[in-house]
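Read through the structure below, which is laid out as structure tokens, and then see the notes.
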Amino acid sequence: MSTIHYIQPDPRPYILLDLLGTLVLGSVISSLSFFSAQEQWVLEGADRRTATMADGMGTTCVMVFLILGNIFGAAAGLALCALAIWVAVDQYKLYPIAGVSGKDDIFAAAWIAIFTGFAFFCMCVFGILAAAKKSRALMLTYLILMLIIYIFECASCITAVTHRDYLVGNSNLVKKQMLKYYTADGDSGSRITLTWNKVMNEVECCGTDGPVDWIQYNSTFREKFGTDYPWPIHCCKRKNNYEVVNVEACKNGQDTTMFTKGCFNHIESVFSLYTWAISWYGFAVLMFMFWLLILAMVYYLML
1 MSTIHYIQPD PRPYILLDLL GTLVLGSVIS SLSFFSAQEQ WVLEGADRRT
51 ATMADGMGTT CVMVFLILGN IFGAAAGLAL CALAIWVAVD QYKLYPIAGV
101 SGKDDIFAAA WIAIFTGFAF FCMCVFGILA AAKKSRALML TYLILMLIIY
151 IFECASCITA VTHRDYLVGN SNLVKKQMLK YYTADGDSGS RITLTWNKVM
201 NEVECCGTDG PVDWIQYNST FREKFGTDYP WPIHCCKRKN NYEVVNVEAC
251 KNGQDTTMFT KGCFNHIESV FSLYTWAISW YGFAVLMFMF WLLILAMVYY
301 LML
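Per UniProt numbering, residue 1 is the first one in the sequence shown, and the count goes up by one each step.
This is how it looks when you write it as structure tokens:
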């Protein structure tokens, strides 16, 4: 009986084919991984560029608004400075009434507002430069100095508002001062006398609340002139050439020859006008500067 012999195939070619397939498959996978990583890197780079462009556009937009805000802020600062100068100059010449009584804080607030108004103008110009250069150091300097000026302007507004009532809250303080210093000797007396003469002539009024002030209360004027003149000659009406219409009739109290209304309403309106000019416009500027500072802080953090 014959024996059948099986010839075993040589495994080496198959091993080589498997190795070659493995190498080819590995190369393909590596190539795919490389292209996938390359694509991911490109996409990430595009995302980064897009984000950078978005951040740049946002920063530029804030910068433009900040520059425009500083332009308006500079104009508001100049207006505040001009308004404060108008108050300090005292167009109505009533400072002696406030100065002699020691209640001249309204004018002190005006001098502070002159400084803060001009300082706001200068710092807003500096802020435009700092924003345009996109410098964190310049923006930080701008924020610190603006905050200091802001505090000073707050003090100016609060001073003007709180001290107005001390002076013109009622007529008693002004009346007491008038009775004490009108025609009195010394610098205070001469200043008060000139001020009251000017007010009574221009406003056509007499006394604080009326001519009866000179009769009902003791005064320096009454001590000097007694009953010869119950009230100052400036309470009498005058002709176009500034001559008194009728001295005797005025001394006797005839309404047609003298001023019968008091001067306090005029004095109160003037000091109220000064106060509103300094305080309320100052508060408006402060409100604008507050939002401008907030915008500047946001811009500083974006740099």
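Each residue gets a CB set at the ideal place from its N, CA and C atoms; glycine is no exception. All values derive from a computational prediction rather than experimental measurement.
For Trp276 and Met57, what's the separation of their Cα atoms in angstroms? 42 Å
Under the assumption that Val285 contacts Ala76 (Cβ atoms under 8 Å), give the Cβ distance between them as a whole number of angstroms. 5 Å
Report buried or exposed for Ala51, applying the criterion of at least 16 other Cβ atoms within 10 angstroms of its Cβ. Low local confidence applies: a pLDDT of 49 at Ala51 is under 50, so the model's placement there is unreliable, and no value is given.
Going by C-alpha distance, which of Cys61, Phe107, Gly69 and Leu68 is nearest Val270? Phe107
Relative to the alpha-carbon of Ala98, which residue among Lys175, Cys206 and Val245 has its alpha-carbon at the smallest distance? Lys175
Between the segment 252-272 and the segment 206-224, do three or more beta carbon pairs fall short of 8 Å? yes
For the segment 176-191 and the segment 132-149, state whether three or more C-beta atom pairs, one from each stretch, are separated by less than 8 Å. no
Go ahead and label Glu153 buried or exposed: buried means 16 or more other beta carbons lie within 10 angstroms of its beta carbon, across all protein chains shown. buried
Find the nearest neighbour of Thr116 within the set Val100, Leu78 and Ala132, judged by alpha-carbon distance. Leu78
Counting only runs of 4+ residues fully inside the segment 210-294, write out the alpha helix (DSSP H) ranges in chain order. 213-216, 220-225 and 247-252
Specify the secondary structure class of Ala184 as computed by DSSP and reduced to three states. coil
In the DSSP assignment, find the alpha helix (DSSP H) that holds Asp105 and state where it starts and stops. Asp105 to Lys133
Using the Cα positions of Phe290 and Ala113, report the straight-line distance between them to the nearest angstrom. 17 Å
So, at 6 Å on beta carbons, what are the nonlocal neighbours of Thr183 in its own chain, with the 5 sequence-adjacent residues on each side left out? Thr193, Thr220, Phe221 and Lys224
Within 10 angstroms of the Cβ of Cys157, are there 16 or more other Cβ atoms? Answer buried if so, exposed if not. buried
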